[in-house]
Each structure stands twice: as C-alpha cells, then as structure tokens.
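Chains as they are written, first to last, in this note's numbering: chain A, 29 to 355; chain B, 73 to 435. C-beta: ideal position from N, C-alpha, C; glycine also. No experiment lies behind these values; they were computed from the predicted model shown. In what follows, a single structure is set out as structure tokens and then discussed.
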C-alpha cells in the first residue's frame with residue numbers, strides 16, 4: 029500500500045520535472061542513445077537475476093534433460109528455501125565463513141592500521157618496504173594457495189622455522205588437522221589481504237589535513253591524542269568502506285582456500301563458496317544452488333548498500349569541508 | 073602577555089636560505105604585522121616562533137626564555153591557520169574544549185572556560201552545531217576562541233583573511249582588530265596584503281628575500297621608507313622613483329632627472345643629508361598622492377600615457393624615459409598624449425642612494 033503510494037507520488041512529481049525545458053524530441057533522442065546500454069544492463073544483470081530467482085523455486089537440475097525455461101515442471105513451492113534452513117552443512121559452512129571473517133577482518137584491520145600509521149612518517153627504505161608490503165596482493169590467489177599449501181606441509185618450511193626457533197623437531201600436519209587447517213587458511217588470507225586494507229587506510233591517513241594535526245599539536249595534544257581525536261575520526265568513512273570490502277570478500281573466499289585444503293579435512297574448512305561450488309559441480313542440484321546464491325546475494329547487497337551510504341555521507345561531508353575552506 | 077625577541081634568526085632549507093638574518097622585538101600586547109611578498113620568509117619566521125620549524129641559527133626568546141628545543145605544544149602559542157584548521161568533524165563546543173581537554177583540565181574547569189569564551193565571542197547559540205557548516209567569520213572567531221581558551225602567551229595569525237572575498241575582508245579586519253584590543257594579546261600577523269597590515273597593525277615589519285627591510289608604525293613605514301623596496305611595496309600605487317643625479321643649482325641642491333628636467337630644490341635637511349652621503353647617483357622619490365599636476369611650465373615634464381579614472385580619484389600614468397603615476401582629483405582634465413608638469417610637494421620628496429638603495433634622510 030505504502031509502496032504504491034510512493035510510486036503514485038513519484039509519478040505525480042514527474043510532470044513538474046518534465047516542465048524543465050527539455051523538449052520531447054531531445055528526450056526521445058536521449059532514450060535512443062542510451063538504449064544499447066540499457067539493453068546490455070538488462071541482459072547481463074537483470075536477466076540472470078530473474079533467471080536465478082525462477083530456478084531457485086524449482087528442483088531443476090541440468091541432468092533432468094529439461095531446458096531451464098521449462099523448470100516450472102518441477103516447481104516446488106519454496107522447498108529449496110525451507111531445505112536451506114534445515115541444511116546443517118550450509119549452516120556449518122556459514123558459521124565457518126563467519127569465524128574466518130571475525131578473525132581475519134579485525135586482524136587485517138589492526139595490522140593495516142598499524143602499518144599505515146608507520147608509513148605516514150618518512151624512514152629509510154620506505155619505498156622498498158612499501159613495495160614488499162603490497163606484493164602479496166599482486167600474487168594470483170591460486171599461486172598463493174599453492175604457496176601456502178607447500179608452506180604448511182608437515183615437512184614444510186613453516187614447521188622448519190618453528191623447529192629452528194624451538195630447537196625441537198616439530199612436524200605438525202597443519203592441513204590435516206581440522207582446527208589447524210582453519211588457522212592456516214586464515215593466516216593465508218591475512219597475509220594476502222592486509223596489503224589492500226593497508227593501502228586504503230594509508231590513503232585515508234595521508235588525506236588528513238596537516239593543518240588540523242598541527243593545530244591539535246599546538247593545543248597540546250600528544251601523538252596518541254592526535255591519533256584518536258583527529259586521525260581516526262577523520263578516516264572513519266574510509267575505515268567503514270575498507271571493512272565492508274573485506275567482509276564482502278570474505279564471504280566469497282574460495283580460490284586460495286580451495287587449493288590449500290579443498291574445504292577439508294572433511295568439511296573443516298568448507299566455507300559457503302566452497303559449499304556452493306561442491307553442490308554445483310558434484311551434486312548438480314542447481315535449483316538449490318540458485319536459492320543459496322540468492323540468499324548470499326541479498327546479504328551482501330545489504331552490506332554494500334550500507335557501505336555506499338557511508339560513502340555518500342563522506343562525499344557530502346567532504347564537500348562541506350571544502351566549501352568552508354573556500355568561502 | 074609576552075615579549076618576543078628574535079636574535080640573529082636564520083633558516084636554511086637545504087641550499088635555499090629562507091631567512092638570512094632577523095632581529096626583531098615584538099612588544100607585550102603589540103599587534104605586529106609581518107608584511108612582504110610571497111617567499112620573503114615571513115611564514116618561515118612565524119613557523120619558527122610557533123616551533124613548527126627549528127631555526128638553523130639564532131635564538132627566539134619569550135620574555136627572555138630561550139625557546140630552542142621547547143616543543144610547539146608547550147610554547148603557549150595560539151596559532152590561527154590560513155584556513156582556520158577547524159576540526160570539522162566536531163561541534164563548536166568540542167572545538168573550543170579541545171585544548172583544555174588535551175591538557176587534562178577538570179571537566180568543570182573546561183565547561184567554565186568554554187562558557188566564558190563562547191559568551192565573549194558570541195558563539196553561545198552555536199555551541200552544539202557541527203563546525204563544518206559555519207560561515208567564515210564564525211570560523212575565524214572559533215579559530216581564535218579555540219586558541220584563546222588555553223590562554224596562550226602570544227597569538228600567531230597566518231594570513232587568515234586570504235581566503236575571504238574582498239567585500240567581506242573589511243568586516244573581518246575590523247572584527248579581528250576589535251578582538252585583539254579586547255584580548256590585549258601580543259599578536260603576530262603574517263600577510264602579503266599591505267592594506268591589512270596598515271589598518272590593523274601597531275607596527276609593521278616589512279620583509280623581502282629573507283631580510284627584514286624596515287620595522288615601524290604604519291605611518292612611519294609609509295612616510296619614511298627605509299629603502300627602495302619598502303618605498304615601492306607600501307602604498308597603492310607605490311612611491312614614484314626616478315633615477316637622477318644630484319646637481320647644484322642657483323637656488324640650492326636639486327636633482328637632475330634627465331628628460332624630466334631638474335627637480336625643484338631640495339629642502340635644507342635633505343640637501344644637507346644628500347651632501348653628507350656623498351654619492352651623486354640617487355633615486356628621486358615622491359608619493360603619487362603628494363604631487364600636483366599643472367600645465368606645462370614649472371616642475372617636471374612628462375607625457376601622459378594612460379588615465380585611470382576610479383571614481384573618487386584619477387590615476388594619471390606619465391612617462392619620460394621612466395614612468396611615474398600621479399593621483400589627482402576626479403575632475404583632473406588631461407588626456408593621453410598631453411604634456412604635463414608635475415610638482416611634488418617639497419616635504420614629500422625622499423631620496424634613495426642608487427647603489428645601496430637605502431634612504432638618504434635628513435637629521
């Protein structure tokens with residue numbers, strides 16, 4: 029009811045906007061010029077989404093021998109969604125994804141914030157360290173996965189270093205132990221994605237107006253006070269964006285992890301992406317896959333909208349600051 | 073409430089010398105303007121007083137206490153930045169309370185100070201507003217209030233009016249001068265705008281290329297510039313300077329200005345000083361406002377090249393080998409190409425040594 033009201037109000041307000049001197053001819057031209065793009069968007073975004081929604085309401089599988097548009101023949105009245113609620117493997121995968129998120133994102137954030145703060149000052153060799161720090165981000169995830177697979181072998185370099193440090197011959201089978209495998213996967217993720225967070229936060233910190241930091245110093249603020257009262261509040265928006273990016277990315281964690289553990293041992297490191305992958309390629313129940321994917325999409329969209337809102341707020345706030353300085 | 077002394081202050085940035093040497097005393101409660109074109113070292117001087125930069129040599133004394141090594145947060149310096157550097161993510165109240173809070177004052181003391189300063193600066197109704205959306209004059213008051221609340225010994229202002237449009241600048245100037253009177257604070261004001269320096273400062277320190285050129289009250293600097301740079305820099309338009317040679321005439325010592333003719337005889341004081349100085353090549357100077365324009369005949373001869381009518385006054389550009397400007401009334405009748413004669417007021421004539429550029433002054 030309220031939705032229709034909103035629609036009606038929008039429709040009512042349209043004529044007043046149309047009263048602007050844009051004649052019908054140029055509006056028609058505008059429509060024609062944007063038509064190819066609109067069709068493209070329709071084709072690559074809207075159409076697959078509708079298709080996914082449609083299939084998610086059926087038991088369709090590519091093995092059925094029925095074309096997907098005839099999937100209505102196996103219409104199942106939201107059974108996929110009710111199954112999902114009772115799917116313990118799904119909940120397990122979701123839980124593990126959350127655990128990885130709750131460990132990795134804060135760890136990456138704190139590490140990155142610390143590093144970014146260090147990099148605000150000049151020190152010898154800064155450029156070299158900067159390049160080294162950004163390297164993990166450039167490594168192809170599959171390669172990183174293989175690298176960590178080798179590192180964490182029971183006779184691998186990781187145990188070698190620990191052995192050398194402790195003086196004992198340590199041969200931990202990292203990737204065969206359910207708990208340690210999860211730890212190994214998290215270490216790999218932190219190694220690979222701290223640089224991205226570092227880069228974003230550094231950009232934010234460098235953008236903090238120097239005058240404000242000087243003003244704070246002159247007013248008697250020490251380094252710690254400046255950090256918490258000026259720098260952190262000033263990069264709040266960027267922090268939210270960096271965190272949102274990483275949270276969304278962790279939901280999709282797949283390639284490195286899959287090469288390291290394949291989701292195992294058992295299902296010990298199975299995240300939602302790995303689970304979806306397995307259901308898609310091994311069980312081949314695509315109606316169910318579509319339902320899972322749609323649920324994930326909705327969750328991530330909510331996160332993305334939240335991040336976008338923050339970004340908008342930042343843009344407006346930034347504009348106000350600039351206006352203040354210029355006026 | 074502090075006297076600031078700068079002794080042999082020097083600053084190098086690598087090979088570049090920003091400040092050659094500077095000796096200056098800023099008195100208690102004084103409004104001192106550091107005036108000069110950009111790159112003259114005025115901001116560097118100010119930053120060293122604030123402690124943002126360390127001097128390469130020399131000393132800065134606050135009431136006789138050497139400030140070398142004292143960190144900027146401990147100097148008791150209030151600094152108003154060019155863009156005010158207001159913490160835009162905070163409210164007006166949070167901005168004002170920032171200094172006291174960082175110094176660990178008690179809550180009740182902070183509230184008392186914020187209330188007093190807000191009342192004083194008429195910021196009370198705005199206390200809980202976000203400072204990002206305030207207008208410039210309020211930002212200026214807030215910036216001053218935020219520094220004043222910790223009761224600094226001196227205030228340093230770094231071109232605070234340069235971001236303000238011309239019409240509003242006059243309002244801000246008045247307000248700033250008014251505030252300074254009320255606070256009775258020692259203030260150092262950096263600017264490249266002579267109008268700001270002339271209208272607000274008790275004394276002006278004119279600087280150029282890292283060298284202090286002259287220190288004096290606005291009128292001293294205007295009337296008796298110490299050298300050619302100050303003569304040209306102060307005043308709009310600046311002082312007319314025409315190269316010439318001292319010449320004895322039957323009516324006394326005068327200056328032979330070549331194609332302009334021979335100047336009227338110098339006043340006795342000036343003639344005596346010029347004779348004592350010894351050098352013959354001089355620059356003959358007079359303010360554009362202190363010369364009268366007459367028909368050809370007596371005075372200096374020149375041709376009118378341009379007539380700027382700006383309403384209340386008319387600026388007549390004249391040329392005879394060298395150029396000069398005359399400020400006349402708005403009803404002056406002359407047009408481009410006219411040959412006119414210019415009679416500088418005798419008491420307004422200044423002489424400068426052509427080689428050293430220093431003023432030749434009577435006793």
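Exposed unless 16 or more other CB atoms sit within 10 angstroms - verdict on residue i
i	result
residue 86(B)	exposed
residue 348(B)	exposed
residue 231(B)	buried
residue 140(B)	exposed
residue 360(B)	buried
residue 35(A)	Because residue 35(A) sits at a pLDDT of 41, beneath the cut-off of 50, its placement in the model cannot be relied upon, and the following sentence gives the value as read from the coordinates. Classification of residue 35(A): exposed, given that the 10 Å Cβ count is below 16.
residue 145(B)	buried
residue 402(A)	Lying before the first or after the last residue shown, residue 402(A) is absent from chain A, which here runs from 29 to 355.
residue 110(B)	exposed
residue 59(A)	exposed
residue 187(A)	buried
residue 312(B)	buried
residue 114(B)	buried
residue 171(B)	buried
residue 226(A)	buried
residue 263(A)	buried
residue 216(A)	buried
residue 218(A)	buried
Span separating the alpha-carbon of residue i from that of residue j
i	j	result
residue 265(B)	residue 221(B)	28 angstroms
residue 229(B)	residue 147(B)	15 angstroms
residue 160(B)	residue 187(B)	20 angstroms
residue 291(B)	residue 154(A)	53 angstroms
residue 15(A)	residue 157(B)	Only positions 29 to 355 of chain A appear in this structure, which leaves residue 15(A) out of reach.
residue 163(B)	residue 173(B)	14 angstroms
residue 308(B)	residue 89(B)	29 angstroms
residue 75(B)	residue 148(A)	36 angstroms
residue 419(B)	residue 251(A)	59 angstroms
residue 82(B)	residue 268(A)	46 angstroms
residue 91(A)	residue 310(A)	12 angstroms
residue 100(A)	residue 106(A)	12 angstroms
residue 40(A)	residue 80(A)	With a pLDDT of only 43 at residue 40(A), under the threshold of 50, the placement of this residue in the model should not be trusted; the figure read from the coordinates follows. Their Cα atoms are separated by approximately 34 angstroms.
residue 124(B)	residue 118(B)	9 angstroms
residue 86(A)	residue 202(B)	54 angstroms
residue 263(B)	residue 233(B)	9 angstroms
residue 244(B)	residue 223(A)	48 angstroms
residue 324(A)	residue 116(B)	58 angstroms
residue 376(A)	residue 383(B)	Outside the displayed span of chain A (29 to 355) sits residue 376(A), for which this structure offers no information.
residue 292(A)	residue 175(A)	17 angstroms
residue 379(B)	residue 424(B)	28 angstroms
residue 66(A)	residue 82(A)	22 angstroms
residue 312(A)	residue 260(A)	48 angstroms
residue 57(A)	residue 64(A)	13 angstroms
residue 330(B)	residue 132(B)	49 angstroms
Delimiting residues of the beta strand (DSSP E) encompassing residue i
i	result
residue 400(B)	394-401
residue 210(A)	Residue 210(A) -> not in any beta strand (DSSP E); alpha helix (DSSP H) instead, spanning 206-234.
residue 314(B)	312-321
residue 307(A)	No beta strand (DSSP E) contains residue 307(A), which DSSP labels as neither H nor E.
residue 416(B)	411-416
residue 131(B)	129-134
residue 80(B)	76-85
residue 150(B)	149-152
residue 354(B)	353-358
residue 422(B)	422-425
The alpha helix (DSSP H) enclosing residue i, as first and last residue numbers
i	result
residue 304(B)	300-305
residue 164(B)	164-174
residue 145(A)	116-146
residue 158(A)	154-166
residue 139(B)	Here residue 139(B) belongs to no alpha helix (DSSP H), and DSSP marks it neither H nor E.
residue 275(B)	Unbroken run through residue 275(B) is the beta strand (DSSP E), 275-280; no alpha helix (DSSP H).
residue 266(A)	264-279
Minimum Cβ-Cβ distance from residue i to chain D less than 7 angstroms
i	result
residue 270(B)	The structure shown contains no chain D; its protein chains are A and B.
Item checked: Given 8 angstroms, three or more beta-carbon pairs between the region 319-329 of chain A and the region 187-200 of chain B -> In short, these stretches do not touch, since the Cβ pair count stays below three.
Next item on the list: Taking 8 angstroms as the threshold, find out whether the region 214-229 of chain B comes into contact with the region 147-164 of chain B through three or more Cβ pairs.
Entry: These segments touch.
Note to self: Does the structure place the region 127-139 of chain A close enough to the region 236-247 of chain A that three or more beta carbon pairs sit under 8 angstroms?
What the structure shows: The region 236-247 of chain A vs the region 127-139 of chain A: no contact.
Checklist line | Three CB pairs or more closer than 8 angstroms across the region 366-383 of chain B and the region 322-335 of chain B | finding: Note that the region 366-383 of chain B touches the region 322-335 of chain B; at least 3 beta-carbon pairs, one per stretch, sit closer than 8 angstroms.
Item checked: Entirely enclosed beta strand (DSSP E) segments - the region 197-244 of chain B, minimum 3 residues -> Within the region 197-244 of chain B, the runs of beta strand (DSSP E) at least 3 residues long that lie entirely inside it are, in chain order, 226-230.
Next item on the list: Give a yes or no on contact between the region 113-125 of chain A and the region 190-197 of chain A, applying the rule of three or more CB pairs nearer than 8 angstroms.
Entry: No: fewer than three Cβ pairs fall under 8 angstroms.
Check: Touching or not, the region 176-183 of chain B and the region 207-214 of chain A, by the rule of three or more beta carbon pairs under 8 angstroms?
Finding: Contact between the region 176-183 of chain B and the region 207-214 of chain A is not established, with fewer than three Cβ pairs separated by less than 8 angstroms.
Check: With a cut-off of 8 angstroms, do at least 3 Cβ pairs link the region 119-130 of chain A to the region 299-313 of chain A?
Finding: Yes, since at least three Cβ pairs between the region 119-130 of chain A and the region 299-313 of chain A fall closer than 8 angstroms, the two stretches touch.
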